[in-house]
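Have a look at the structure below before the remarks.
Residue numbers (the numbering used here): 2 to 596.
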């Protein structure tokens, strides 16, 4: 009907027009035609063209545009298109909400540069300038302020649209808010940094390795404890690290077997000690690294140097053992001494009553000699147990060594060279010179026996200062400070670690049966301890031995010892002597001697 009305108007007005109209054919089918109408004298000239396919294409395009719009509007991403001069040609609702504006009404036609932060404008220009037909996509992330004043991190992907000539026609940009991801990543990085700081501050050496034994993390303490070479650390070389560690541990085969077992049993938690060739001891703790969901990532290895702790425990155990043995030995020596006193006393009294020509005199002399040897043995036991009475005085150790040299020719063989190295201004010590001489005697005899083929024997004195680090490692409970040192060194057979741990135990000897009592070094130990000093020994098989004795000085360095007071003169009187002795034989002997 509308078509005929337009045709009548063309006839009346004698005007041309174009019409599009849908026709229904007799068979019920439909078709679209475009009519081109021109007036002619006789009426109207009408040219018709079938445009059904074009109509269908336009309809399909419109429907596609609707679908595209629906899809775009449903997206939470910010979508826009803009020309090479940054004029917006399309925005979706999410993009409008970003700037709190209705998208079609206010944003389309505006310049994008006026909407974004000034500091983001040049990066956008650079990004657009870098788009090419070969590389049409570029992305970046930056901070943007929203209309409410909050800061949001946005991630943009820009795609350039080019014509056939390769000229940029339009840019489509898709952005999304990644603020939560950025904050989560920052929090993760903060926690990682915090964890690394804690691990680096740890006194334990820590290594985290993957299930394939690749290094995931290693702290500096671990590197220092194991002395890992820089190239191994830089390459994070598992093979290089294991080869290095294998050479350090005392039992490499067992160490490697434990590693294999723990990796084949991922859930295993293990704690054990690892001994090194340099006598250090590490306590190792290892546990699986498992996520909250149960995923297995590898193993944590934590090593703690417990060498000092084990040394202190061993020293305490040794001190307790020596104390127990000393008490037992002291008690036995005391009782044995009570038996020897009447034996020696009555033998002496018997000898006084006999003529040297009598046979009984010779027999009693042999008894006295045996008793004197027993007395000497008892004295050594008392020295070890620290129960003998010391005659303390200010002593110059150089004088003790010099006096002792006079008798060394009777102790050592001609194939042993004696060397003395004496400190000229040696600190004085408060000691019993006789007992210090006994210490020298026992150590020299021990050194002589350690050099059956000859060698060099060195006696040395020195002023030393033991700092806190040295005291912690070697001097047990000795306080840091100045000490006078007396050292005896030999070039003999030396000792292994097992022997060194036992040399001060009473009755321990490496000599053949009948050639040593095993009390020589234990006596030295007891005398030194009773003087408040400390003894340290260094020896290796085939490298000789050095015994160093540290005695507390009697005065501060530079000060002279006080002059000794003269002994009071003996006085005599007619007083009555009261003898108090619980042993009857000793009491009777004393009374007979005084009678």
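For glycine and all other residues, C-beta sits at the position ideal for the given N, C-alpha and C.
message = Quick check: the Cα distance between residue 208 and residue 217, rounded to an integer number of angstroms?
response = On the chain shown, position 207 is the one that residue 208 refers to. On the chain shown, position 216 is the one that residue 217 refers to. Approximately 8 Å between the Cα atoms of the pair.
ask   = Around the Cβ of residue 436, are there at least 16 other Cβ atoms within 10 angstroms (buried) or fewer (exposed)?
value = Position 435 of the chain shown, counting from 1, holds the residue named residue 436. When all chains shown are included, residue 436 counts as buried.
query = Is residue 281 helix, strand or coil when you go by DSSP?
reply = Here residue 281 corresponds to residue number 280 of the chain shown, with the count starting at 1. Here residue 281 sits in coil by DSSP.
ask   = With a cut-off of 9 Å, does the C-beta of residue 100 fall near any C-beta of chain D?
value = The structure shown contains no chain D; it holds only a single protein chain.
query = The beta strand (DSSP E) with residue 37 in it runs from where to where?
reply = The residue you call residue 37 lines up with position 36 of the chain shown. It spans 31-41 - the beta strand (DSSP E) in which residue 37 sits, taken as one unbroken run.
ask   = Anyone know if the C-beta pair for residue 212 and residue 300 falls short of 9 Å?
value = As a working note, residue 212 is residue 211 in the chain shown. As a working note, residue 300 is residue 299 in the chain shown. Taking 9 Å as the Cβ cut-off, residue 212 and residue 300 qualify as a contacting pair.
task = Quick one: which unbroken alpha helix (DSSP H) runs of 4-plus residues sit fully inside the stretch 372-451? Chain order, please.
result = Qualifying alpha helix (DSSP H) stretches, in chain order: 398-409 and 434-450.
query = Given a threshold of 16 other Cβ atoms within 10 Å of its Cβ, counted over all protein chains shown, does residue 195 qualify as buried or as exposed?
reply = The sequence position of residue 195 within the chain shown is 194, counting from 1. Per the 10 Å Cβ criterion, exposed.
ask   = How do the stretch 394-405 and the stretch 424-431 stand: do at least 3 beta-carbon pairs fall below 8 Å, yes or no?
value = yes
message = What does the alpha-carbon distance come out to for the pair residue 588 and residue 534?
response = Here residue 588 is taken as the residue at index 587 of the chain shown, counted from 1. Here residue 534 is taken as the residue at index 533 of the chain shown, counted from 1. Going by the C-alpha atoms only, they are around 37 Å apart.
As assigned by DSSP and simplified to three states, the class of residue 174 = Within the chain shown, the letter at position 173 stands for residue 174. Residue 174: strand per DSSP, three-state reduction.
request  = Might you give, ordered along the chain, the residues of its own chain that have their beta carbon closer than 8 Å to the beta carbon of residue 177, omitting 5 neighbours on each side?
outcome  = As a working note, residue 177 is residue 176 in the chain shown. Taken in chain order, the residues that qualify are 77, 78, 79, 155 and 156.
key: Within 9 Å, strictly: CB atoms of residue 223 and residue 241   = As a working mapping, residue 223 is identified with position 222 in the chain shown. As a working mapping, residue 241 is identified with position 240 in the chain shown. Contact flag unset, no.
ask   = According to the neighbour-count rule (16 or more other Cβ atoms, all chains shown, within 10 Å of its Cβ), is residue 466 buried or exposed?
value = The residue given as residue 466 occupies position 465 in the chain shown. Exposed, since its Cβ has fewer than 16 Cβ neighbours within 10 Å.
ask   = What residues in its chain sit with their C-beta under 7 Å from that of residue 269, if we drop five residues either side in the sequence?
value = Residue mapping note: residue 269 aligns to position 268 of the chain shown, counting from 1. Taken in chain order, the residues that qualify are 263.
request  = Kindly identify the DSSP beta-bridge partner or partners of residue 482.
outcome  = Within the chain shown, the letter at position 481 stands for residue 482. In DSSP, residue 482 forms a bridge with 467.
request  = Could you have a look at residue 544 and say whether DSSP puts it in helix, strand or coil?
outcome  = The sequence position of residue 544 within the chain shown is 543, counting from 1. Of the three classes helix, strand and coil, the one that applies to residue 544 here is coil, per DSSP.
ask   = In the stretch 185-234, which residue ranges form an unbroken alpha helix (DSSP H) of at least 4 residues, counting only runs that do not cross its ends?
value = Scanning the stretch 185-234 for uninterrupted alpha helix (DSSP H) segments of 4 residues or longer gives 221-227, listed from N- to C-terminal end.
ask   = Between residue 399 and the rest of its own chain, which residues show a CB-CB distance below 8 Å, the 5 nearest in sequence each way excluded?
value = Walking along the chain shown from the start, residue 399 turns up at place 398. In the same chain as residue 399, and ignoring 5 residues on each side of it, the C-beta atoms closer than 8 Å to its own belong to 423, 424, 427 and 462, in chain order.
ask   = Taking C-alpha atoms, which residue in 371, 348 and 373 lies nearest to residue 361?
value = On the chain shown, residue 361 is found 360 positions in, with the first residue counted as 1. Residue 361 has its Cα closest to that of 348, out of 371, 348 and 373.
key: Which of helix, strand or coil DSSP assigns to residue 454   = To locate residue 454, count along the chain shown from 1; it is residue 453. In the structure shown, residue 454 sits in coil (DSSP, three-state: anything other than H, G, I, E or B).
ask   = What did DSSP end up calling residue 538 once you bin it into helix, strand or coil?
value = Indexing the chain shown from 1 puts residue 538 at position 537. Strand at residue 538.
ask   = So, using beta-carbon positions, are residue 91 and residue 98 closer together than 9 Å?
value = One-based indexing of the chain shown puts residue 91 at position 90. One-based indexing of the chain shown puts residue 98 at position 97. No. Outside cutoff.
request  = Please list, in chain order, all residues of the same chain as residue 288 whose beta carbon is under 6 Å from its beta carbon, the five residues on each side excluded.
outcome  = Position 287 of the chain shown, counted from the first residue, corresponds to residue 288. Excluding sequence neighbours, residue 288 sits near 270 and 301.
inquiry  = What does DSSP give as the partner residue(s) for residue 488 in the beta ladder?
reply    = Stepping through the chain shown from its first residue, residue 488 is reached at position 487. Residue 488 pairs with 461 and 549.
request  = Have a look at 310, 444, 10 and 459 and flag the residue whose alpha-carbon is nearest the alpha-carbon of residue 526.
outcome  = Looking up residue 526 in the chain shown gives position 525. It is 444 whose Cα lies nearest to the Cα of residue 526.
query = What are the partner residues of residue 169, as DSSP defines its beta bridges?
reply = The residue labelled residue 169 in the question sits at position 168 within the chain shown. Note: residue 169 sits in a beta bridge opposite 163.
request  = Would you mind reading off the limits of the alpha helix (DSSP H) that contains residue 262?
outcome  = Working through the chain shown from its first residue, we reach residue 262 at position 261. Note, residue 262: alpha helix (DSSP H), 253-265.
inquiry  = For residue 215, which residues in the same chain have their Cβ closer than 7 Å to its Cβ, ignoring the five residues on either side in sequence?
reply    = Residue numbering aside, residue 215 sits at position 214 when the chain shown is read from its first letter. The residues are 239.
task = Specify the secondary structure class of residue 80 as computed by DSSP and reduced to three states.
result = Position 79 of the chain shown, counting from 1, holds the residue named residue 80. If DSSP states are grouped into helix, strand and coil, residue 80 belongs with the strands.
query = Looking only at DSSP bridge pairs, what is residue 143 linked to?
reply = Start at 1 with the first residue of the chain shown, and residue 143 comes out as number 142. Note: residue 143 sits in a beta bridge opposite 155.
message = What does the Cβ neighbour count give for residue 233, buried or exposed, with the cut at 16 atoms within 10 Å?
response = In the chain shown, residue 233 corresponds to position 232, counting from 1. Buried.
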